[in-house]
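Below is one structure, written out as structure tokens, with a few remarks after it.
Numbering (this note's numbering), first residue to last: -14 to 98.
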């Protein structure tokens, strides 16, 4: 059964292009990178193109983590990856491991400066 796929809107196409360009410009080869709110895992191809060494996908929902993991497992895998269910906006959560908590707070400080 053939299903017609609607064409991508020009705005979404521009957004994807800009995101790819930013990833390729700022990502260092073989670096460890983190994708916050990785629901859907749609950016893993962009990270493949930038030759990262390790990808950490973080999503607030278990279904988002599972879907992102499935997409990654069904694609070429030039880097290792792990997927974590965690709400990145709740850095003071008691369930967040202390090293992850420190990392998230450092990231928030870095982004806000």
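We treat Cβ as the ideally placed atom computed from N, Cα and C, and that holds for glycine.
Inter-residue spacing [alpha-carbon to alpha-carbon] between residue i and residue j
| i | j | result |
| --- | --- | --- |
| residue 8 | residue 23 | 14 Å |
| residue 37 | residue 68 | 16 Å |
| residue 39 | residue 59 | 17 Å |
| residue 11 | residue 4 | 11 Å |
| residue 2 | residue 31 | 10 Å |
| residue 61 | residue 13 | 19 Å |
Helix, strand or coil at residue i according to DSSP, with G and I counted as helix
| i | result |
| --- | --- |
| residue 71 | coil |
| residue 66 | strand |
| residue 19 | strand |
| residue 60 | coil |
Reference residue i; option with closest CA among the options
| i | options | result |
| --- | --- | --- |
| residue 0 | 69, 27 and 16 | 27 |
| residue 41 | 54, 10 and 34 | 54 |
| residue 21 | 56, 50 and 10 | 50 |
| residue 56 | 25, 2, 46 and 72 | 25 |
| residue 70 | 52, 43, 14 and 62 | 43 |
For residue i, the first and last residue of its enclosing alpha helix (DSSP H)
| i | result |
| --- | --- |
| residue 44 | It is not in any alpha helix (DSSP H) - residue 44 instead sits in the beta strand (DSSP E) that spans 39 to 44. |
| residue 12 | Unbroken run through residue 12: none, as it is neither H nor E. |
Exposure of residue i, with buried meaning 16 or more beta-carbon neighbours within 10 Å
| i | result |
| --- | --- |
| residue 17 | exposed |
| residue 102 | The displayed coordinates of the chain run from -14 to 98. Any statement about residue 102 would go beyond what the structure contains. |
| residue 106 | Nothing can be reported for residue 106, as the shown portion of the chain is limited to -14 through 98. |
| residue -3 | exposed |
| residue -6 | exposed |
| residue 48 | exposed |
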